[in-house]
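Everything on this sheet refers to the single structure shown next.
Protein chains: 2
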Amino acid sequence: MKAEIITIGDEILIGQVVDSNSAWIAQQLNKIGVKVNRVTSISDNRDEITTCLDECIQRGQLVLLTGGLGPTNDDITKQTLNAYFGGNLTLHQPTLEHVAGFFKQRGMPLTEMNRQQALLPDNCVVLPNPIGTAPGMLFEKNGAYVVAMPGVPYEMKQLIENEVLPLIKKQFKLTNIFHRTLLTQGVAESVLAPKIKNWEDALPPQIKLAYLPSPGKVRLRLSAEGGQNDDLQSLVDTQVKSLINIIGDDVFGFDDDTLESIVGQLLTERGKTLSTAESCTGGAVAASITSVSGSSGYFKGSVVAYDNMVKVNTLKVKGQDILNFGAVSQEVIEQMALGAMELFNTDFAIATSGIAGPTGGTENKPVGTVWIAVASKDNVVCRKFLFGEHRGRNITRTVLASLNMLRKLLLEY
Amino acid sequence: MKAEIITIGDEILIGQVVDSNSAWIAQQLNKIGVKVNRVTSISDNRDEITTCLDECIQRGQLVLLTGGLGPTNDDITKQTLNAYFGGNLTLHQPTLEHVAGFFKQRGMPLTEMNRQQALLPDNCVVLPNPIGTAPGMLFEKNGAYVVAMPGVPYEMKQLIENEVLPLIKKQFKLTNIFHRTLLTQGVAESVLAPKIKNWEDALPPQIKLAYLPSPGKVRLRLSAEGGQNDDLQSLVDTQVKSLINIIGDDVFGFDDDTLESIVGQLLTERGKTLSTAESCTGGAVAASITSVSGSSGYFKGSVVAYDNMVKVNTLKVKGQDILNFGAVSQEVIEQMALGAMELFNTDFAIATSGIAGPTGGTENKPVGTVWIAVASKDNVVCRKFLFGEHRGRNITRTVLASLNMLRKLLLEY
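First to last, the protein sequences are chains A and B.
Throughout, this note's numbering is defined as the position within the first sequence, counted from one, plus 1.
Throughout, this note's numbering is defined as the position within the second sequence, counted from one, plus 1.
Written out as structure tokens, the structure reads:
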């Protein structure tokens, strides 16, 4: 089963926006056994859309299309599809009610432009979009299905998950595919690859391995493909077990797990609390922890001690130690962690201090030097890291490394 | 003058890699007056490449192609282009010398696989790649130019800059293009559109407007197209001025500006310092501020007061006010901002408190209710917001709204 994706928008073709929608959609389709054959990005132009649709429908049975469904003049996808499939734009009462409610809830007036979002082609199946004002639309022509979705990523994503994937599973006979992704933190791809080479070479032919590296993380995806009755999950899980044995405790989770959610689970299970003291991460560790719903159950607070006086006054770090060893040192990071634990009265604390860059490095402490401490009531673990030169990636790596250090410490409790 | 981009690689079509090459190439082409008409991503497959090339050459004169030039078995772009344009793979001596030098410099042996990188079609112009082993290739057929480049971003980028752009400028008569993007915060697209409708309707025909909304922000892009001698920048800037007059002070910047960098500039210019006290944003405001290099010059620190006791003990919020009015209230947010300013001894402070969701809402304070305060030595400005139901987006919106409130306050100083 093969599909094509069309992303519509002038902003893509002038390079103002990187099309990340198509990669996400391709991943979801792959998971259920649909391969994407081609991705095409075109402009908000009637002829382009029509020509591209003609080509796609000629090549296959399923076309997923994003973008150009907004209420403004430059958005013409709805009108173009309506003409292409020979429909009439008609008021769709459930959509009007949803749109009216959407603005009422936000205390905003319903404008004429908003109302027009409820004018929809009368020959499509309307796919409800509870979190936006432009619904999805499903058209059928000569056995080919065309689905139009808004380009706003979170609206598109919920439409794919709640409407499009169930539809595809119902309409098409799909290959049996099973994926399991192992999540590792702190081991480079180039270190991982030789370590698992023998295991990889001995994989059964139905299973393929893919490396998905990103700053601070490497995901290893095992994909098995087979007949409808093959127990692909058992086949993959056996291999996953051997892989974990080889890599060890840097495997922190599977599939959609995040370090912050796993740390949250471990704290919740143990009835323990957490605080942070952050210098180079500037609040990013706390922001990551509190991105998890329910984190108020275990997270008490953080001091972002960007200024050394804050380290001294609020976290009770000894000023003399900052002078002697520098703010990026084992002596200071230990005191920061203990200071946070004391101030917030928590069972555990994370502290970070480093040179995020691009400036501020010295010969002894180049940009990318980072100290992390994780503390419990009986133990402080400190580690020094040497990351790279890019500020954003250094912060991301520090956040992930600190959460992984806490995860390992929590496993001892 | 129109061009097309083809990106080749299985990793793109399974969603393992987001194709960011094409956006970067499109930006560079736009700057010199070349419009990208279509971007197509296809797999490492001979038939796919051949078919796609046929289509592109039929539609236009310039095709830029990336990917599939590596030395391993899955890379087949070179062989396919060689066959497509009817050439013979022949040893290219300058490339062989470069490749040999490349590995020698790195103390690595020259393998047979590496040597084969110097086998190139004898009917292409070889575009040297000083930082990699796969050179670019330029083919011509019936007046159409096809350029193949490696998919490794930094290798592709230097080929575009040093070889491809000069070539295009020499071979083609180019259009004059100018873009300017206005950045707004806190005004919904549907509120903005009717407000600027008259202005938009009166735009000169050379100028096009596009709306680019994302949570908390709407970007408005004006694009002008004209002859080589037209002063498009003046034409656009005149319209930008009238647009700013209509929208007012919710325009916070242009093009690649960010709110955090603009707030940073304003603080630096005024020699003022900043701190934050965060509840619902959990450190995300501080993380955003400190994502800017040089922020240690004006940012002192933050207290993430997730727990109410932290609000009382560290930020000196009156416990009785939390009991009477709740943590998400004007009374508490004011005291949080003043508490941060006092604790960190700063000139300005931001405070946030809200119900990020998805749980924790009540009838009077539903999920998405957020109070923000920005304080100076003589003034505290508080505002209540009603965002939506999605935790991540509520946090993003709160961060942006708080930075924009601070920006407006700073403009008074």
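Beta carbons: idealized from backbone N, C-alpha and C, even for Gly.
Whole-angstrom distance between residue j and residue i, CA atom to CA atom
i: residue 327(A); j: residue 354(A); result: 10 Å
i: residue 358(B); j: residue 398(B); result: 13 Å
i: residue 292(B); j: residue 226(A); result: 43 Å
i: residue 230(A); j: residue 257(A); result: 26 Å
i: residue 443(B); j: residue 130(B); result: The question about residue 443(B) has no answer, for chain B in this structure spans 2 to 414.
i: residue 121(B); j: residue 245(A); result: 44 Å
i: residue 378(A); j: residue 356(A); result: 28 Å
i: residue 332(B); j: residue 384(B); result: 11 Å
i: residue 320(A); j: residue 336(A); result: 11 Å
i: residue 10(B); j: residue 371(A); result: 36 Å
i: residue 323(A); j: residue 352(A); result: 15 Å
i: residue 190(B); j: residue 329(A); result: 45 Å
i: residue 312(A); j: residue 344(A); result: 12 Å
i: residue 153(A); j: residue 68(A); result: 8 Å
i: residue 216(A); j: residue 24(A); result: 18 Å
i: residue 47(A); j: residue 78(A); result: 8 Å
i: residue 417(B); j: residue 133(B); result: Nothing in the structure corresponds to residue 417(B), since chain B is present only between 2 and 414.
i: residue 362(A); j: residue 296(B); result: 15 Å
i: residue 300(A); j: residue 135(B); result: 51 Å
i: residue 110(B); j: residue 221(A); result: 30 Å
i: residue 95(B); j: residue 49(B); result: 31 Å
i: residue 102(A); j: residue 200(B); result: 30 Å
Where residue i sits in the DSSP three-state scheme
i: residue 325(B); result: helix
i: residue 386(B); result: strand
i: residue 405(A); result: helix
i: residue 367(A); result: coil
i: residue 26(B); result: helix
i: residue 399(A); result: helix
i: residue 42(A); result: strand
i: residue 17(B); result: coil
i: residue 226(B); result: strand
i: residue 96(B); result: helix
i: residue 135(B); result: coil
i: residue 163(B); result: helix
i: residue 358(B); result: coil
i: residue 320(B); result: helix
i: residue 241(A); result: helix
Residue nearest to residue i in terms of C-alpha spacing, selected from the options
i: residue 17(A); options: 281(B), 377(B), 214(B); result: 214(B)
i: residue 375(B); options: 395(B), 386(B), 396(B), 350(B); result: 350(B)
i: residue 298(A); options: 347(A), 386(A), 96(A), 184(A); result: 347(A)
i: residue 413(A); options: 250(A), 98(A), 53(A); result: 250(A)
i: residue 176(B); options: 224(B), 162(B), 143(B); result: 224(B)
i: residue 196(B); options: 200(A), 114(A), 145(A); result: 114(A)
i: residue 334(B); options: 311(B), 341(B), 373(B); result: 373(B)
i: residue 22(B); options: 320(B), 41(B), 371(B); result: 41(B)
i: residue 43(A); options: 51(A), 380(A), 36(A); result: 51(A)
i: residue 261(A); options: 133(A), 200(A), 407(A); result: 407(A)
i: residue 247(A); options: 341(A), 217(A), 19(A), 198(A); result: 198(A)
i: residue 179(A); options: 235(A), 173(A), 187(A), 171(A); result: 235(A)
i: residue 286(B); options: 84(B), 405(B), 388(B); result: 405(B)
i: residue 138(B); options: 164(B), 220(B), 132(B); result: 164(B)
i: residue 76(A); options: 117(A), 95(A), 38(A); result: 117(A)
i: residue 128(B); options: 143(B), 290(B), 104(B), 166(B); result: 166(B)
i: residue 106(A); options: 393(B), 386(B), 71(B), 100(B); result: 386(B)
i: residue 36(A); options: 382(A), 173(A), 200(A), 45(A); result: 173(A)
i: residue 391(A); options: 232(A), 289(A), 400(A), 360(A); result: 360(A)
i: residue 33(A); options: 150(A), 315(A), 169(A), 108(A); result: 169(A)
i: residue 402(A); options: 269(A), 222(A), 289(A), 318(A); result: 289(A)
Segment contact, 8 Å Cβ cut-off, at least three pairs: the region 42-62 of chain A with the region 5-25 of chain A: yes
Inter-stretch contact at 8 Å, needing at least 3 Cβ pairs: the region 267-282 of chain A / the region 306-324 of chain A: yes
Residues of the region 175-192 of chain B whose Cβ lies closer than 8 Å to any Cβ of chain A, in chain order: 180, 182, 189, 190, 191, 192
Residues in the region 26-43 of chain B having any Cβ partner in chain A nearer than 9 Å: 26, 27, 28, 29, 30, 31, 36, 37, 38, 39, 40, 41, 42, 43
Within 7 Å of chain B by C-beta, residues of the region 197-215 of chain A in sequence order: 211, 213
Segment contact flag, the region 152-166 of chain A with the region 19-38 of chain A, C-beta cutoff 8 Å, min 3 pairs: yes
Touch test, the region 231-248 of chain B against the region 181-198 of chain B, Cβ-Cβ under 8 Å, three pairs minimum: yes
Under 9 Å (Cβ pairs) to chain A, residues found in the region 354-366 of chain B: 357, 358, 359, 360, 361
Chain A contacts from the region 67-95 of chain B (Cβ-Cβ distance under 9 Å): none
Near-chain A residues of the region 295-306 of chain B (beta-carbon distance less than 9 Å), N- to C-terminal order: 295, 296, 297, 300, 301, 302, 303, 304, 305, 306
Short-range partners of chain B found in the region 149-164 of chain A, where Cβ spacing is below 8 Å: 153, 155
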